[in-house]
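Notes follow once the structure below has been shown.
Numbering (the numbering used here), first residue to last: 234 to 391.
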């Protein structure tokens, strides 16, 4: 009987470790307002190459999900994600992309006046989000007005 309990504890520990690692690795994209560490783990999780385009006032980290959706993460010189954009056949997980701003988004989207049939434009204090498209082609962007680096306008996030 002790061997059975020992074996059962080992299996239970392996299951707990597996579930924990899946939860830790479940984030698909960097989180708006968070640091660059959230960007660096994305390529491994998505099994995608991360292409970094350095710029003078910010860098862009491009990822392509297995679904075909491309996500750009805009990182300030201080190392924080100040904007994200997406384009592809499916929308990314906005809960993951927006992080702590997701609740503001969901509240605003319920009361938002649509600019056009399939376009959403939301401004909730610091968060600006625009999304639109049609079946099999979704585009959007979100950014934090207060986190835009000096000399960078909202039009840079595309």
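The beta carbon of each residue, even a glycine, is placed where N, CA and C say it ideally should be.
Since the model is a prediction, treat every value here as computed from it, not as a measurement.
query, result
"Among residues of its own chain, excluding the 5 on either side of residue 268, which ones have a beta-carbon nearer than 8 Å to its beta-carbon?", "312, 313 and 314"
"Might you give, ordered along the chain, the residues of its own chain that have their beta carbon closer than 6 Å to the beta carbon of residue 321, omitting 5 neighbours on each side?", "301, 302 and 303"
"Cβ of residue 344 versus every heavy atom of the ligand MN: is any distance shorter than 6 Å?", "This structure simply doesn't include the ligand MN, nor any ligand for that matter."
"Using the Cα positions of residue 306 and residue 338, report the straight-line distance between them to the nearest angstrom.", "18 Å"
"DSSP three-state call for residue 292: helix, strand or coil?", "strand"
"Work out the CA separation of residue 369 and residue 385 for me, nearest whole Å.", "31 Å"
"So residue 357 packs on residue 341, CB below 8 Å; how close in whole Å?", "5 Å"
"Would you identify the three-state DSSP class for residue 379, choosing helix, strand or coil?", "helix"
"Contact check, residue 366 vs residue 351 under 8 Å by CB: the rounded distance?", "6 Å"
"Using C-beta distances below 7 Å, list every residue in its chain close to residue 390, excluding the 5 sequence neighbours before and after it, in chain order.", "307, 316, 318, 374 and 376"
"Using 8 Å for Cβ pairs, my map puts residue 330 next to residue 264. What's the rounded Cβ distance?", "7 Å"
"According to DSSP, simplified to helix, strand and coil, what is residue 341?", "helix"
"Tell me whether residue 360 is buried or exposed, calling it buried when 16 or more other Cβ atoms sit within 10 Å of its Cβ.", "buried"
"Across which residues does DSSP place residue 330 in a beta bridge pair?", "Note: residue 330 sits in no beta bridge, so no partner."
"Go ahead and label residue 298 buried or exposed: buried means 16 or more other beta carbons lie within 10 angstroms of its beta carbon, across all protein chains shown.", "buried"
"Going by C-alpha distance, which of 378, 387 and 288 is nearest residue 334?", "378"
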